[in-house]
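Worksheet: one structure, shown below.
Numbering (the numbering used here), first residue to last: 90 to 281.
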């Protein structure tokens, strides 16, 4: 498929939501946070088993792992290559970076904390972009997201309007992806 066709497909996906029909991910967003925590539980069970020498923690780890895999299948229904593992590691990394950011904030280092929170959210957005089928890295690297998003009307119920890129801001893959996703996805966990 030509790059132009890939860009057109991406923009067609974005335009599906241009009339206020933002994609409600509230249930899957909650599920993704639960999966993040299950990954953390797996890690803690591993370290506890090693520190205590009790293999029962490994048995419990296996049960938690199976639950995590089952829940991840509810979000990742169709994937190619190593998207499954990439997705798991994106969630795990997002959670870990968020925890480090929280610790930095607690220690009074707001600048570091805010930077880490942004990185955590970028990883989280990448997870969703990958699993909504809207990421094609080669296309996004060559796509001027700002221009394309400005062409679209913003939904009235939109919670996060696109933010203009300032000259000093980063414009790498994660930054462009975050801007593209925030313009079409309603990451509002409070939808009931």
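Positions of the beta carbon are idealized from the N, C-alpha and C atoms, including for glycine.
Contact check for residue 177 and residue 122: beta-carbon distance about 14 angstroms, past the 8 angstroms limit, so the pair fails to qualify.
Residue state for residue 171 is assigned as coil, using DSSP reduced to three classes. By the CB criterion at 8 angstroms, residue 154 and residue 131 fall inside the cutoff. For residue 199, the enclosing alpha helix (DSSP H) has its first and last residue at 199 to 220. Annotation: residue 135 to residue 185 spans about 16 angstroms, alpha carbon to alpha carbon.
Taking the C-beta atoms as reference points, residue 190 is found nearer than 8 angstroms to residue 206. Around the beta carbon of residue 167, fewer than 16 other beta carbons lie within 10 angstroms, which makes this residue exposed.
Residue 160 is positioned such that its CB atom lies closer than 8 angstroms to that of residue 120. In the assembly as shown, residue 116 is an exposed residue. Its beta-carbon has fewer than 16 other beta-carbons within 10 Å. Judged by DSSP secondary structure, residue 196 falls outside any alpha helix (DSSP H); it is assigned neither H nor E. Residue 117 sits in a helix when the DSSP states are folded into three classes.
Your pair residue 183 and residue 147 does not check out as a contact, with CB atoms roughly 26 angstroms apart and the cut at 8 angstroms. In terms of Cβ geometry, residue 172 and residue 212 do not form a close pair [threshold 8 angstroms].
According to the DSSP assignment, residue 158 belongs to the alpha helix (DSSP H) that extends over 145 to 164.
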